[in-house]
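Colleague: Dropping a structure here in structure tokens format, bear with me for questions.
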Amino acid sequence: MHFNFNSTEPIYLQVASQIEEAIFTKNYAEKEQIPSTTEISRDFHINPATVLKGINLLVSSDLVEKKRGIGMFVAQGAYEKLVKKRRELFYQDKIVQVVDEAKRLQISEEELLNLIKRGY
Amino acid sequence: MMTAKEVSVTNYFFKNTLKKLGYILIWIIFSSLFFPWVFSGFNFSSISLRSILTDTTLGPVLSILISGIALFPYNDFKLLIQSGISRKTFWKARILSFLAVSILGQLIGIVVGLLNPYTNHSWYGSSLYMQVYGKYFGSTAMNSFMGLCFILLSTSVVTVGAIMVGSIFSLFTKKARVYIFIGLFVMAVVFINWISAAVQNDYMLNIIKHTDSFLHFIVGYSGTNARVGAWNPTMPFIVAVLTGVVCLFGSYKIMELFKIKNE
Amino acid sequence: MGIEVKNIQKKFNKKKILSDVSLELEPGKIYGLLGRNGAGKSTLLSIIANRIFSDSGDVVLDGESVFERDEALGQIYLMSERNLYPEGAKIEKIFKLTELFYGSFDYEYANELADKFGLDVKQKFGKLSTGYRSIFKLIIALTVPARYVFLDEPILGLDANHRELFYRELLDNYVKTQKTFVISTHLIEEITNILEHVFILCHGEVVIDGNVEDIMKKAYLIAGPQKDVADYCRGLNIIGKESLGSIHGNYIYGDLDDNRILPDTVSVERMDLQKLFVNLTNMEEAKK
């Protein structure tokens, strides 16, 4: 796993998003074990409570599941869930903005679709 | 009763003191052979084991050495405060261990003195107490027993006294200690000057007379028992016990003030 | 439960070092104790560990004063810059002494750590370099069976590799033992993420005492044209200012006003613990 932290965003969010990214890029396949809280804490010098908080975010959104005494695993269907979530985000973050900007530039719907086709 | 920690610390001091003592003794034995050898022109045959053994009385030597070791408590204090030991335990362990070592030393001293083939195996020759008070009681056994008690008591008092003096010095930084030594030295010089000037007038003579009778009182000399050897040992015992108690209490109060110095 | 530091005051030669310091240490947390040189960190730690005396106040462990109590002092270990171990003693001998005084000692773990750091346990303490003295004391600190471990400048003289290794072993130890650690250091950036709770000491007073995450939530950098920034920040707790050309930045510690409209020209960013520390302590300094 490769973590790259910045110093201003809350660390537990960064822990969650880094693991999420690793699942999305299939660095961690479904049902595969992910590093333990202790390992992440030790390797990246993060307080274990912080790591746990980040991982718990993933657990509560059903991306990761805890197996008592064994460890933590990527949940079945996690990848699908992520794709769905990111598609929604893609629409909200990117498409809405693109359409807004297109309107300001007086680009019609058809023209925009053509532009997108050109970009593909 | 003692807690496990108190036992550990006491054991540590006891062993450590024995070790230091052994180390010093080895050096003493070495030098008491080495220097006669050198000054006799590297001639072994001139060294008389007999004269060395008759000249040495082990008890007092050990008492002085142990007191000397007791003068420097600060390094042990540093180690113990770093190791989560309280000053109270430090004090208790120090007193107990040093008393044990000194009493052990005296017992060994007595045994060695009695076994020494070059002396007359007699208490009277080797013990100052026996020379002065050894005929006070009618029975020899009683006198010898009191002599033994006095030796053990006095070595304890000397040791506890050294612990107290050492703890006083440990309160000061190295620099302050140097100043204090200089101060004491200057005071001693001034005092001697003053005495030598004051002796010449009657006032001073009076003081000296009083001091004299005070000393007589302390050592148990009353004129009626003027024969040396039959002086009354009660006062020396009382004085020793009182001094011991004062030093015990004093050293405890001083060690309570121990702290890690900035030096 | 835990350690309570209650109203500690300390003067040295009439100079006030600590004025009424109170704080609480809960079991099983990693704390940071930050402060500039002379802020009183080491003095506070020395008082907690009974090395020196406070003028007033008390340190209480699980409800009882630690002062002169072996059981309480045996639960506390202070690793400091001061070297209190006998210079002539070998490392393995000091391990033994530590066992003797603390009641137990995990030799296997200590030797394993010594191996990892490359510390020769046959070496005499007095012969070690500054870095290796730190390493040796850290090994004792991690191994000793005390529940509260105070590390005053633990990485003094350690190179980058050894620092990495130390943070790793510290966290490993923390997860396994759930001891309480209090770390005092100038290298804030390196330990920020390790800390759960932080105290910032300034001129003998605690100016910040809180959960690191909560504190960082209240630390902002407002940047933009000077006038817009000044308007937006009016009445907020400005702890520092910075400017680069026409861009002006205000460091804020405290809540922002949600009712204010953020102009397009102004951005709200976060600052890290180090920046917060520098700005806060500078501000306190300026007050004097």
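Chains as they are written, first to last, in the numbering used here: chain A, 1 to 120; chain B, 1 to 263; chain C, 1 to 288.
In this text, a Cβ means the ideal position worked out from N, Cα and C, and glycines have one as well.
Nothing here was measured: the structure is a model prediction, and the numbers come from that model.
In chain order, what residues of the same chain have a beta carbon less than 8 Å from the beta carbon of A/A29, not counting five sequence neighbours either side?
Modeller: Numbered from 1 along the first sequence, position 29 holds the residue referred to as residue 29 of chain A. Excluding residues within five positions, the ones whose Cβ falls inside 8 Å are V74.
Colleague: Name the residue from C/G235, C/G2, C/I252, C/H186 whose alpha carbon lies nearest to the alpha carbon of C/E269.
Modeller: Here residue 269 of chain C is taken as the residue at index 269 of the third sequence, counted from 1. Measuring from the Cα of C/E269, the nearest candidate turns out to be C/I252.
Colleague: Are the C-beta of C/D70 and some C-beta of chain B separated by less than 9 Å?
Modeller: Here the question's residue 70 of chain C lines up with position 70 in the third sequence. So yes, C/D70 belongs to the interface.
Colleague: Closer than 7 Å by beta-carbon distance: list the chain B residues that pair up with C/P86, in chain order.
Modeller: Working through the third sequence from its first residue, we reach residue 86 of chain C at position 86. Neighbours of C/P86 on chain B, chain order: N75, L79.
Colleague: Considering C/T180, what are the terminal residues of the beta strand (DSSP E) in which it resides?
Modeller: Stepping through the third sequence from its first residue, residue 180 of chain C is reached at position 180. Run containing C/T180: 180–184, per the beta strand (DSSP E) assignment.
Colleague: Is it right to say C/G35 is buried, meaning 16 or more other beta carbons lie within 10 angstroms of its own, or is it exposed?
Modeller: Within the third sequence, residue 35 of chain C is the residue found at index 35, counting from 1. With 16 or more other Cβ atoms within 10 Å, it is buried.
Colleague: In chain A, which residues lie less than 7 Å from C/M283 when you measure between Cβ atoms?
Modeller: Position 283 of the third sequence, counted from the first residue, corresponds to residue 283 of chain C. None at all; the shortest Cβ gap to chain A is about 20 Å.
Colleague: Just verifying my parser: in three-state terms, what is the DSSP assignment at A/I34?
Modeller: Here residue 34 of chain A corresponds to residue number 34 of the first sequence, with the count starting at 1. If DSSP states are grouped into helix, strand and coil, A/I34 belongs with the strands.
Colleague: Counting only runs that start and end within the segment 92–148 of chain C, where is the beta strand (DSSP E) found for 3 or more residues in a row?
Modeller: Runs found: none.
Colleague: Closer than 9 Å, CB to CB, is A/E9 near chain C or not?
Modeller: In the first sequence, residue 9 of chain A corresponds to position 9, counting from 1. So yes, A/E9 belongs to the interface.
Colleague: Taking B/M1 as the reference, which of B/I69, B/L205, B/G68, B/T89 has the closest Cα?
Modeller: Here residue 1 of chain B refers to the residue found at position 1 when the second sequence is read from its first residue. Per the Cα distances, B/T89.
Colleague: Would A/I46 pass as an interface residue toward chain C - the criterion being a Cβ-Cβ separation below 9 Å?
Modeller: In the first sequence, residue 46 of chain A corresponds to position 46, counting from 1. Yes, contact with chain C.
Colleague: Find the residues of chain C that neighbour B/R87, judging by a C-beta separation of less than 7 Å, and give them in chain order.
Modeller: For the purposes of this step, residue 87 of chain B is identified with residue 87 of the second sequence, where counting begins at 1. Those within 7 Å of B/R87 in chain C are E68.
Colleague: Can you give me the C-alpha to C-alpha distance between C/I30 and C/N250, rounded to a whole angstrom?
Modeller: Here residue 30 of chain C refers to the residue found at position 30 of the third sequence. Here residue 250 of chain C refers to the residue found at position 250 of the third sequence. Between C/I30 and C/N250, the C-alpha separation is close to 30 Å.
Colleague: Establish whether the CB of A/A102 and some CB of chain C are separated by less than 9 Å.
Modeller: Walking along the first sequence from the start, residue 102 of chain A turns up at place 102. Not an interface residue.
Colleague: Please state the DSSP three-state secondary structure of C/E26.
Modeller: On the third sequence, position 26 is the one that residue 26 of chain C refers to. Correct three-state label for C/E26: coil.
Colleague: Just confirm the distance between the C-beta atoms of C/L78 and C/L45, as a whole number of angstroms; I'd bet it's less than 8 Å.
Modeller: Here residue 78 of chain C refers to the residue found at position 78 of the third sequence. Here residue 45 of chain C refers to the residue found at position 45 of the third sequence. Confirmed, Cβ separation roughly 6 Å.
Colleague: By Cβ distance below 6 Å, which residues in the same chain neighbour C/I208 in space, the five residues on each side in sequence not counted?
Modeller: As a first step, residue 208 of chain C is located in the third sequence; it is residue number 208 there, counting from the start. Same-chain partners within the cutoff: I200.
Colleague: Anything in the segment 170–201 of chain C with a Cβ closer than 9 Å to a Cβ of chain A? List those residues in chain order, please.
Modeller: Residues L170, L171, D172, Y174, V175, K176, E189, E190, I191, T192, N193, I194, L195, E196.
Colleague: Can you give the Cα-Cα distance for C/L317 and A/A78, rounded to whole angstroms?
Modeller: Since the first and last residues shown for chain C are 1 and 288, residue 317 of chain C lies out of range.
Colleague: Between the segment 140–154 of chain B and the segment 178–192 of chain B, do at least 3 Cβ pairs fall closer than 8 Å?
Modeller: As far as the Cβ criterion goes, the segment 140–154 of chain B does not touch the segment 178–192 of chain B, which means the pair count is below three.
Colleague: Say whether chain A places a C-beta atom closer than 9 Å to the C-beta of C/M1.
Modeller: Within the third sequence, residue 1 of chain C is the residue found at index 1, counting from 1. By this cut-off, C/M1 is not an interface position.
Colleague: Could you pull the start and end residues of the beta strand (DSSP E) that A/G71 belongs to?
Modeller: Here residue 71 of chain A refers to the residue found at position 71 of the first sequence. Run containing A/G71: 71–74, per the beta strand (DSSP E) assignment.
Colleague: Does the beta carbon of C/R51 come closer than 9 Å to any beta carbon on chain B?
Modeller: Your numbering for residue 51 of chain C matches position 51 in the third sequence. Answer yes: the Cβ-Cβ gap between C/R51 and chain B drops below 9 Å somewhere.
Colleague: If you draw a straight line from the C-alpha of A/L57 to the C-alpha of A/A16, how long is it?
Modeller: Working through the first sequence from its first residue, we reach residue 57 of chain A at position 57. Working through the first sequence from its first residue, we reach residue 16 of chain A at position 16. Looking at the two C-alpha atoms, the distance is approximately 7 Å.
Colleague: Report yes if the CB atom of C/I8 is closer than 9 Å to the CB atom of C/S54, and no otherwise.
Modeller: As a working mapping, residue 8 of chain C is identified with position 8 in the third sequence. As a working mapping, residue 54 of chain C is identified with position 54 in the third sequence. Yes.
Colleague: Where B/N206 and C/K6 are concerned, what is the direct C-alpha to C-alpha distance, given to the nearest angstrom?
Modeller: For the purposes of this step, residue 206 of chain B is taken as the residue at position 206 of the second sequence. For the purposes of this step, residue 6 of chain C is taken as the residue at position 6 of the third sequence. Their Cα atoms are separated by approximately 60 Å.
Colleague: Any C-beta of chain C sitting closer than 9 Å to the C-beta of B/T3?
Modeller: Stepping through the second sequence from its first residue, residue 3 of chain B is reached at position 3. At least one chain C Cβ lies under 9 Å of B/T3.
Colleague: Within this structure, are the beta carbons of A/I34 and A/G71 separated by less than 9 Å?
Modeller: Position 34 of the first sequence holds residue 34 of chain A. Position 71 of the first sequence holds residue 71 of chain A. Yes; because the gap between Cβ atoms is below 9 Å, this pair is in contact.
Colleague: Name the DSSP bridge partner or partners of C/R234?
Modeller: On the third sequence, residue 234 of chain C is found 234 positions in, with the first residue counted as 1. Beta-bridge pairing links C/R234 to no other residue.
Colleague: From the DSSP secondary-structure annotation, give me the bridge partner or partners of C/K218.
Modeller: Stepping through the third sequence from its first residue, residue 218 of chain C is reached at position 218. According to DSSP, C/K218 bridges with nothing at all.
Colleague: When the cut-off is 9 Å and only beta carbons count, does B/N11 lie next to chain C?
Modeller: Here residue 11 of chain B is taken as the residue at index 11 of the second sequence, counted from 1. Interface residue, yes.
Colleague: From what residue to what residue does the alpha helix (DSSP H) around C/G57 run?
Modeller: The sequence position of residue 57 of chain C within the third sequence is 57, counting from 1. Run containing C/G57: none in the alpha helix (DSSP H); it sits in the beta strand (DSSP E), 56–61.
Colleague: Given this structure, state the Cα-to-Cα distance separating B/N75 from C/L84, to the nearest angstrom.
Modeller: Reading the second sequence from its first residue, position 75 is the one you call residue 75 of chain B. Reading the third sequence from its first residue, position 84 is the one you call residue 84 of chain C. Each residue's alpha carbon lies about 8 Å from the other.
Colleague: Looking only at its chain, what residues have a beta carbon closer than 7 Å to the beta carbon of C/E153, apart from the 5 residues adjacent to it on each side?
Modeller: By 1-based counting over the third sequence, the position of residue 153 of chain C is 153. If we look at C/E153 and ignore the five residues flanking it on each side, its Cβ neighbours are E81, S184, T185.
Colleague: Relative to the alpha-carbon of A/R42, which residue among C/N173, C/C233, C/R147, C/K41 has its alpha-carbon at the smallest distance?
Modeller: Working through the first sequence from its first residue, we reach residue 42 of chain A at position 42. When each option's Cα is compared against that of A/R42, the closest is C/N173.
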